[in-house]
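Protein chains: 2
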Amino acid sequence: MTRLESADTTTMQILKVAASHFAEKGLAGARVDEIARDAGVNKATIYYHIGGKAELYSEVFRANMHQSAEKLLSNVASKTSAEDKLRAYITTMVENLHDNPCAAPMMMREMASGGENIPEEGLNYVMRIFMTLTEILKQGQEEGEFRESNPAITHLMIIGSIMFYAAGEPMRQKLMTLFDGELPQQVFTDDGRLAAEISDLLVHALKN
Amino acid sequence: MTRLESADTTTMQILKVAASHFAEKGLAGARVDEIARDAGVNKATIYYHIGGKAELYSEVFRANMHQSAEKLLSNVASKTSAEDKLRAYITTMVENLHDNPCAAPMMMREMASGGENIPEEGLNYVMRIFMTLTEILKQGQEEGEFRESNPAITHLMIIGSIMFYAAGEPMRQKLMTLFDGELPQQVFTDDGRLAAEISDLLVHALKN
DNA sequence: GTCTATATACCGATAGAC
DNA sequence: GTCTATCGGTATATAGAC
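As they're listed, the protein sequences go chains W and S.
When the letters of the first sequence are read in order and numbered with the numbering used here, they come out as residues 1 to 208.
When the letters of the second sequence are read in order and numbered with the numbering used here, they come out as residues 209 to 416.
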């Protein structure tokens, strides 16, 4: 546990505000002045406590990934059957992205730039999460529960679905205000139902 | 057809190079100087022919969307059954994103920022593409071919899967060099097969 | 540890020669 | 239409007082 994970309220507040700015504007688009203003601290405080903009970004990314990935790996490990593990994987990921709305936009930006600014610990987690799903799929296939599938594509499909759902809220709002009358009504319900629907669709796609 | 769609080689070259820069670095991260250098033109030429950085971005986005969306809508319209339309929808989208590697990263960045910099024509296309899929799903359900599903979630799942696949190539490369030995081998084949695999998975998820 | 003031560098955009 | 040179604004980062 590094210094920056400590419960220093000033630092935590900076990280929290920085996350939303990085999510909405990206590393290049975010402004240190604005982060300081919205966090209610002097700009020099950020440099004193954390370092430059790049360190701030790395720490935000690292902390998010750490928390989400540990919960995901733990929840999956608590199940035994492949389908239960897959549902736990999907449900936990939906929950994580719901609890932390900045995570999906930040990860999508990183995908777009080839993961250039993902800190090393983050890449390790990306890898572990991928390998975990690969093993779930392998287990399901060996037990005859899942049909054969390319694990890389399946992985991308699951992650992509959930990420796009999680990051898509502002876009949906924009489209709904622009094309009010033309959209089919009642497409969105509560988050619990949505996680279940995504799980159902994906499990349905993979099962024999 | 606007002036910027004309076959002026200088302008086309600028747009082509700008697309790759916007895809990799985003609007805020891209540098006009670098775009001019890589396009082999003087920086002032960009301002003379196109306008500022924002106009350059808008035009790149608009032209990409226009070309991709027209092809998508046309290919879907040429089919009759819901499954054929769905396969055409998915296959054409995969092809489009393959032919234009900048499209997926740019769209993912726009998702992350709530579509803030999508020009109006682009938003119209986003809406038409969404409505097209909604109607395909509706047709399939009415004909008893597809099971019931929330169209918004289904839509996000399809788009998300394909976008993540298309934009994920640099990330895959990064992970493959970092975690060479640990990855399962032969996960990636040729693009035609990949499009088919994605189609199969998604159609399988939706069919009764 | 927190503030003000400022250094330093960069970047988008343009003026003006040709 | 294309070049050079440069302006003006802005952003990161820091020095130094308190």
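Where a beta carbon is used, it is the ideal one built from N, C-alpha and C, also for glycine.
**OP:** Check the Cβ-Cβ distances between W/Asn-150 and every residue of chain S, and say whether any is below 7 Å.
**Re:** It does: the Cβ of W/Asn-150 has a partner Cβ on chain S nearer than 7 Å.
Original post:
With C-beta atoms as the reference, is S/Val-225 less than 7 Å away from S/Ile-243?
Top reply: S/Val-225 is a Cβ neighbour of S/Ile-243, given a cutoff of 7 Å.
**OP:** Scan the segment 120-170 of chain W and note each continuous alpha helix (DSSP H) run of 4 residues or more that stays entirely inside, going in chain order.
**Re:** Taking 4 residues as the shortest admissible run, the segment 120-170 of chain W contains the following complete alpha helix (DSSP H) segments, listed from N- to C-terminal end: 120-142 and 151-167.
Original post:
Is it true that the segment 66-76 of chain W meets the segment 12-32 of chain W, where meeting means three or more beta-carbon pairs spaced less than 8 Å apart?
Top reply: The segment 66-76 of chain W is not in contact with the segment 12-32 of chain W.
Original post:
DSSP state of S/Lys-293, grouped into three classes?
Top reply: Look at S/Lys-293 here: in three-state DSSP terms it is helix.
Original post:
Considering only C-alpha positions, which residue in the set S/Arg-270, S/Leu-345 and S/Thr-218 is nearest to S/Asn-250?
Top reply: For S/Asn-250, the nearest C-alpha among the options comes from S/Thr-218.
Original post:
Buried or exposed: S/Thr-288, going by 16 or more other Cβ atoms within 10 Å of its Cβ?
Top reply: Under a 10 Å Cβ-count criterion, S/Thr-288 is classified as exposed, with fewer than 16 other Cβ atoms of the shown protein chains found around its own Cβ.
**OP:** Report the residues of the segment 357-378 of chain S with a CB closer than 8 Å to any CB of chain W, ordered along the chain.
**Re:** Going along the segment 357-378 of chain S in chain order, one finds Ser-357, Asn-358, Pro-359, Ala-360, Ile-361, Thr-362, Leu-364, Met-365, Ile-367, Gly-368, Ser-369, Ile-370, Met-371, Phe-372, Tyr-373, Ala-375, Gly-376 and Pro-378 with a Cβ nearer than 8 Å to chain W.
**OP:** Just grab the DSSP bridge partners of S/Lys-415 for me.
**Re:** Paired residue(s): S/Phe-354.
Subject >> Neighbour-count burial assignment, S/Ser-286, 16 or more Cβ in a 10 Å radius >> reply: With fewer than 16 other Cβ atoms from the protein chains shown falling within 10 Å of its own Cβ, S/Ser-286 counts as exposed.
**OP:** Kindly indicate which residue of S/Arg-401, S/Met-315 and S/Leu-410 has the alpha-carbon position closest to the one of S/Arg-355.
**Re:** Looking only at S/Arg-401, S/Met-315 and S/Leu-410, the smallest Cα-Cα distance to S/Arg-355 is reached by S/Leu-410.
**OP:** Compare the Cα-Cα distances from W/Glu-120 to each of S/Ala-312, S/Pro-378, S/Lys-382 and S/Ser-276 and report the closest residue.
**Re:** Per the C-alpha coordinates, the member of S/Ala-312, S/Pro-378, S/Lys-382 and S/Ser-276 positioned closest to W/Glu-120 is S/Lys-382.
Original post:
So what does DSSP say about S/Val-268, is it helix, strand or coil?
Top reply: Three-state result, S/Val-268: helix.
Original post:
Is the beta carbon of S/Ala-296 less than 7 Å from the beta carbon of S/Gln-347?
Top reply: No, Cβ-Cβ distance for S/Ala-296 and S/Gln-347 is not below 7 Å.
**OP:** Take S/Val-268 as the anchor and find which of S/Ser-369, S/His-412 and S/Met-314 has the nearest alpha-carbon.
**Re:** Closest in C-alpha terms to S/Val-268, from the list S/Ser-369, S/His-412 and S/Met-314, comes S/Met-314.
Subject >> Coarse secondary structure for W/Ile-35, derived from DSSP in three states >> reply: W/Ile-35 carries a helical assignment under DSSP once its states are collapsed to helix, strand and coil.
Original post:
With 7 Å set as the bound, which would you pick, yes or no: does the beta-carbon of S/Ser-276 sit closer than that to a beta-carbon of chain W?
Top reply: Chain W contact via Cβ: absent.
Subject >> Nearest residue (CA-CA) to S/Met-379, options W/Met-111, W/Arg-128, W/Ile-159 and W/Gln-13 >> reply: The candidate whose alpha carbon is nearest that of S/Met-379 is W/Met-111.
Subject >> Interfacial residues, the segment 311-330 of chain S to chain W, with Cβ spacing under 7 Å >> reply: Cβ contacts with chain W come from Pro-313, Met-316, Arg-317, Met-319, Ala-320, Ser-321, Gly-322 and Gly-323.
**OP:** Spell out whether any CB of chain W is found under 7 Å from the CB atom of S/Phe-354.
**Re:** It does not: the Cβ of S/Phe-354 has no partner Cβ on chain W nearer than 7 Å.
Original post:
Using a Cβ cut-off of 9 Å, which residues of the segment 259-276 of chain S contact any Cβ in chain W, in chain order?
Top reply: Under the 9 Å Cβ criterion, the segment 259-276 of chain S contributes no residue.
Subject >> S/Arg-211, DSSP secondary structure in three states >> reply: With a pLDDT of only 49 at S/Arg-211, under the threshold of 50, the placement of this residue in the model should not be trusted; the figure read from the coordinates follows. Reduced to three states, the DSSP call for S/Arg-211 is helix.
Original post:
Using a beta-carbon distance below 7 Å, is S/Met-384 in contact with chain W?
Top reply: It does not; no Cβ of chain W falls within 7 Å.
**OP:** Please decide whether W/Glu-34 counts as near chain S, where near means a Cβ-Cβ distance under 7 Å.
**Re:** By this cut-off, W/Glu-34 is not an interface position.
**OP:** Report the neighbours of S/Ala-403 on chain W: residues whose CB is nearer than 8 Å to its CB, in chain order.
**Re:** Taking a Cβ-Cβ threshold of 8 Å, none of the residues of chain W is close to S/Ala-403; the smallest such distance is about 10 Å.
**OP:** Could you work out which residue in W/Leu-137, W/Gly-114 and W/Pro-184 is closest to S/Asn-358 when comparing CA atoms only?
**Re:** Closest in C-alpha terms to S/Asn-358, from the list W/Leu-137, W/Gly-114 and W/Pro-184, comes W/Pro-184.
**OP:** Report all residues from its chain with a CB closer than 8 Å to the CB of W/Met-157; omit the five preceding and five following residues, and keep chain order.
**Re:** So the qualifying residues of the chain are Leu-202 and Ala-205.
**OP:** Determine the direct distance from the alpha carbon of S/Gly-322 to that of W/Ala-167, and round the result to whole angstroms.
**Re:** Computed Cα separation, rounded: 8 Å.
Original post:
Which two residues bound the contiguous alpha helix (DSSP H) that contains W/Pro-184?
Top reply: W/Pro-184: not part of any alpha helix (DSSP H); DSSP gives it neither H nor E.
Subject >> CA nearest to the CA of S/Ser-228, picked from S/Ala-252, S/Asp-216 and S/Asp-307 >> reply: The residue with the shortest Cα to Cα distance from S/Ser-228 is S/Asp-307.
Subject >> Spatial neighbours of W/Leu-97 in its chain, beta-carbon cut-off 6 Å, leaving aside the 5 residues before and after >> reply: Here the set comprises Ala-103, Ala-104 and Ala-166.
**OP:** Quick one: using the 10 Å Cβ neighbour count with 16 as the cut-off for buried, is W/Arg-3 buried or exposed?
**Re:** Bear in mind that a pLDDT of 49 at W/Arg-3, under 50, signals an unreliable position, so the model cannot answer this.
Original post:
Are the beta-carbon atoms of W/Arg-62 and W/Gly-122 separated by less than 7 Å?
Top reply: Yes, they are a contact pair.
Subject >> Nearest-angstrom beta carbon gap, W/Phe-179 and S/Met-335 [assumed within contact, 8 Å] >> reply: Confirmed, Cβ separation roughly 5 Å.
Original post:
Does W/Phe-22 get closer than 7 Å to chain S when you measure Cβ to Cβ?
Top reply: Look at W/Phe-22: its C-beta is not under 7 Å from any C-beta on chain S.
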